[in-house]
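Novice:
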Amino acid sequence: GHIRDFLHELPKCEHHVHLEGTLGPDLLFPLAERNCISFPNGFPTSVEELEKRYKKFSDLQDFLNHYYIGMSVLIKEQDFFDLAYSYFEKAEKDGLWHSEVFFDPQGHVERGIPIEIVINGFKKACEKAEKELGITTKLIMCLLRHLPSEDGLLTIKSVNTYYEKGWIHGLGLDSSEKPFPPELFENCYSFLKKNFPNIQLTAHAGEEGGPSYVSNSLDLLKVTRIDHGINSIKDEKLMERLANEKILLSICPLSNVKLQVVENVGQLPIAEFIKYGVSFSINSDDPAYFGGYILDNYIAVHESFGFDLETWCLIARNSINGSWCDEKRKLEML
Ligand code: HPA
Ligand code: ZN
Numbered sequence: 009g010h011i012r013d014f015l016h017e018l019p020k021c022e023h024h025v026h027l028e029g030t031l032g033p034d035l036l037f038p039l040a041e042r043n044c045i046s047f048p049n050g051f052p053t054s055v056e057e058l059e060k061r062y063k064k065f066s067d068l069q070d071f072l073n074h075y076y077i078g079m080s081v082l083i084k085e086q087d088f089f090d091l092a093y094s095y096f097e098k099a100e101k102d103g104l105w106h107s108e109v110f111f112d113p114q115g116h117v118e119r120g121i122p123i124e125i126v127i128n129g130f131k132k133a134c135e136k137a138e139k140e141l142g143i144t145t146k147l148i149m150c151l152l153r154h155l156p157s158e159d160g161l162l163t164i165k166s167v168n169t170y171y172e173k174g175w176i177h178g179l180g181l182d183s184s185e186k187p188f189p190p191e192l193f194e195n196c197y198s199f200l201k202k203n204f205p206n207i208q209l210t211a212h213a214g215e216e217g218g219p220s221y222v223s224n225s226l227d228l229l230k231v232t233r234i235d236h237g238i239n240s241i242k243d244e245k246l247m248e249r250l251a252n253e254k255i256l257l258s259i260c261p262l263s264n265v266k267l268q269v270v271e272n273v274g275q276l277p278i279a280e281f282i283k284y285g286v287s288f289s290i291n292s293d294d295p296a297y298f299g300g301y302i303l304d305n306y307i308a309v310h311e312s313f314g315f316d317l318e319t320w321c322l323i324a325r326n327s328i329n330g331s332w333c334d335e336k337r338k339l340e341m342l
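The opening position of the sequence shown corresponds to residue 9 in UniProt numbering, with each subsequent residue numbered one higher.
1. Would the beta-carbon of Leu267 fall within 7 Å of that of Leu68?
2. Name all residues in chain order for which at least one heavy atom of ligand 2 lies closer than 6 Å to the residue's CB.
3. Would Leu151 and Leu200 be called neighbours here (beta carbons separated by less than 7 Å)?
4. Considering only C-alpha positions, which residue in the set Phe188, Glu194, Glu185 and Asn206 is nearest to Lys173?
5. Suppose only complete runs of 4+ residues qualify. What are the alpha helix (DSSP H) ranges in the region 117 to 161, listed by chain order?
6. Would the region 211 to 222 and the region 232 to 243 be scored as touching if the rule is three or more Cβ pairs under 8 Å?
7. Excluding sequence positions up to five away, which residues of its chain have a Cβ less than 8 Å from the Cβ of Ser66?
8. Output the distance between the C-alpha atoms of Glu22 and Pro156, rounded to the nearest integer angstrom.
9. Assign Cys21 to one of three DSSP states: helix, strand, or coil.
10. If you draw a straight line from the alpha carbon of Val309 to that of Gln114, how long is it in whole angstroms?
11. Counting C-beta neighbours from all protein chains within 10 Å, is the total for Gly195 16 or more, i.e. buried, or is it exposed?
12. Tell me whether Trp320 sits in a helix, a strand or coil according to DSSP, three-state version.
13. Just to confirm, is the Cβ distance from Met149 to Ile176 under 7 Å?
14. What are the complete alpha helix (DSSP H) segments, minimum 4 residues, inside the region 228 to 301?
15. Starting from Val109, trace the beta strand (DSSP E) both ways and give me its first and last residue.
16. Using three-state DSSP, classify Gly178 as helix, strand or coil.
17. For Thr163, count the other beta carbons within 10 Å of its own beta carbon; 16 or more makes it buried, fewer makes it exposed. Which is it?
18. The beta strand (DSSP E) that contains Thr210, what's its start and end?
19. Please state whether the Cβ-Cβ distance between Ala92 and Phe37 is less than 7 Å.
20. Using DSSP's beta-bridge definition, name the partner residues of His26.
21. Taking just the CA atoms, how far does Ser225 sit from Ser198?
22. Should Val81 and Leu27 be called a contact, given that it needs their Cβ atoms to be closer than 7 Å?
23. According to DSSP, is Asn203 part of a helix, a strand, or is it coil?
24. Give the secondary structure of Leu192 by DSSP, where H, G and I count as helix, E and B as strand, and everything else as coil.
25. Which residue's Cα is closest to the Cα of Glu253: Phe288, Glu17 and Glu56?
26. Provide the residue span of the alpha helix (DSSP H) that contains Val81, from first to last.
The structure is reproduced here in structure tokens:
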């Protein structure tokens, strides 16, 4: 219908998508074959069976277990390139203008894949997407919070040259949230910020963790963005702070339903965010696992909230203004 066309045409920015989370069954099995990778016993053996398994996850950890098995098929630079470029192609068809993409270097290095293989593949896909698809892109490295912070610090040091070259634009924090609070990674964030004062910082917080995960990410990690952040709604003072400090929440509606953080999109505190003046963007998180790319997430929000055009324009503007692209690109999109 015409609202779908309107949402398609709206200049959209994505701030929360894990490249490894764009690995769907359609690419997973061919890559496994190409690289002679076998899966653990009991792992689905066909696209249909795997799609069925991805219909529902019991929680974040249940999903992550599949996510780490999935990424084991990524071996060569070409694999990383193919993965990222096929995401950019899908996103471009959805009417995406600007994409800030996460990747998990530790998930590859711990399997023996050299970091330069990972980054060269992703970087080449970003360059081709800018040239051929007209999407602007930024790479954001994430640390896995279930690994020790010493490992995170070594990872940051190992990609120093890529930060110097400007190939990596920021730092994030992902994986199992609740047993691993943000304060564990203060040293990693402060080390990177000291060496690269202009670096952008974000962290997953308030997806399964409570509002203190959000405020501690702001206070201790000095992030200027929060990934998910939906549990901020449980703390009114925090909501006021997010509005005052213009912190962007990168929310992921279909992800929250699939991981049973909420029962349905209508339960998300999106109307409250608007009322408090808290900026947010709408994102796909791990689209191959959660059953929808960026436009599906916009449509799901519209189906539950039925926002008027003015509200949609406000959401699009906040998402552009909260992006980490340069001012010139923002003006093109606004
Ligand atoms: N949360 C935490 N870690 C993740 C996610 C997420 O939504 N996606 C990929 N890694
Ligand atoms: Zn995420």
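All C-beta atoms, glycine included, are put in the ideal place defined by N, C-alpha and C. What you are looking at is a predicted structure, and each value in this text was computed from that prediction instead of being measured.
Specialist: The relevant details are as follows:
1. For the purposes of this step, residue 267 is taken as the residue at position 259 of the sequence shown. For the purposes of this step, residue 68 is taken as the residue at position 60 of the sequence shown. Yes, they are a contact pair.
2. His24, His26, Asp182, His212, Asp235 and Asp293
3. The sequence position of residue 151 within the sequence shown is 143, counting from 1. The sequence position of residue 200 within the sequence shown is 192, counting from 1. No, the pair does not count as a contact, with Cβ atoms beyond the cut-off.
4. Position 165 of the sequence shown, counting from 1, holds the residue named residue 173. Residue Asn206 is the option with its Cα nearest to Lys173.
5. 123 to 136
6. yes
7. Mapped onto the sequence shown, residue 66 falls at position 58. Correct list, in chain order: Gln268.
8. In the sequence shown, counting from the first residue as 1, residue 22 sits at position 14. In the sequence shown, counting from the first residue as 1, residue 156 sits at position 148. Between Glu22 and Pro156, the C-alpha separation is close to 29 Å.
9. The sequence position of residue 21 within the sequence shown is 13, counting from 1. Cys21: strand per DSSP, three-state reduction.
10. Here residue 309 corresponds to residue number 301 of the sequence shown, with the count starting at 1. Here residue 114 corresponds to residue number 106 of the sequence shown, with the count starting at 1. Spanning the two alpha carbons is a distance of roughly 33 Å.
11. Against the sequence shown, residue 195 aligns to sequence position 187. In the sequence on display, residue 195 carries Asn and not Gly. Asn195 is exposed by the Cβ-count criterion.
12. Residue mapping note: residue 320 aligns to position 312 of the sequence shown, counting from 1. Three-state result, Trp320: helix.
13. Translated into positions along the sequence shown, residue 149 becomes position 141. Translated into positions along the sequence shown, residue 176 becomes position 168. Against a cut-off of 7 Å, the Cβ pair of Ile176 and Met149 comes out as a contact.
14. 244 to 252, 261 to 266, 278 to 284 and 295 to 298
15. As a first step, residue 109 is located in the sequence shown; it is residue number 101 there, counting from the start. Here the beta strand (DSSP E) through Val109 covers Leu104 to Phe111.
16. By 1-based counting over the sequence shown, the position of residue 178 is 170. Three-state DSSP puts Gly178 in a strand.
17. As a working note, residue 163 is residue 155 in the sequence shown. Classification for Thr163: buried.
18. As a position in the sequence shown, residue 210 is number 202, starting the count at 1. Taken as a continuous stretch (DSSP letters only), the beta strand (DSSP E) holding Thr210 covers Gln208 to Ala213.
19. Within the sequence shown, numbered from 1, the residue matching residue 92 stands at position 84. Within the sequence shown, numbered from 1, the residue matching residue 37 stands at position 29. No, Cβ-Cβ distance for Ala92 and Phe37 is not below 7 Å.
20. On the sequence shown, position 18 is the one that residue 26 refers to. DSSP output for His26 lists Phe110 as bridge partner(s).
21. Numbered from 1 along the sequence shown, position 190 holds the residue referred to as residue 198. Numbered from 1 along the sequence shown, position 217 holds the residue referred to as residue 225. Their backbone Cα atoms lie some 12 Å apart in a straight line.
22. Here residue 81 refers to the residue found at position 73 of the sequence shown. Here residue 27 refers to the residue found at position 19 of the sequence shown. No; because the gap between Cβ atoms is not below 7 Å, this pair is not in contact.
23. Here residue 203 refers to the residue found at position 195 of the sequence shown. Three-state DSSP puts Asn203 in a helix.
24. Locating residue 192 in the sequence shown gives position 184, where the first residue counts as 1. Here Leu192 sits in helix by DSSP.
25. Here the question's residue 253 lines up with position 245 in the sequence shown. Nearest C-alpha to Glu253: Phe288.
26. Counted from its first residue, the sequence shown places residue 81 at position 73. Note, Val81: premise wrong, no alpha helix (DSSP H); not H, not E.
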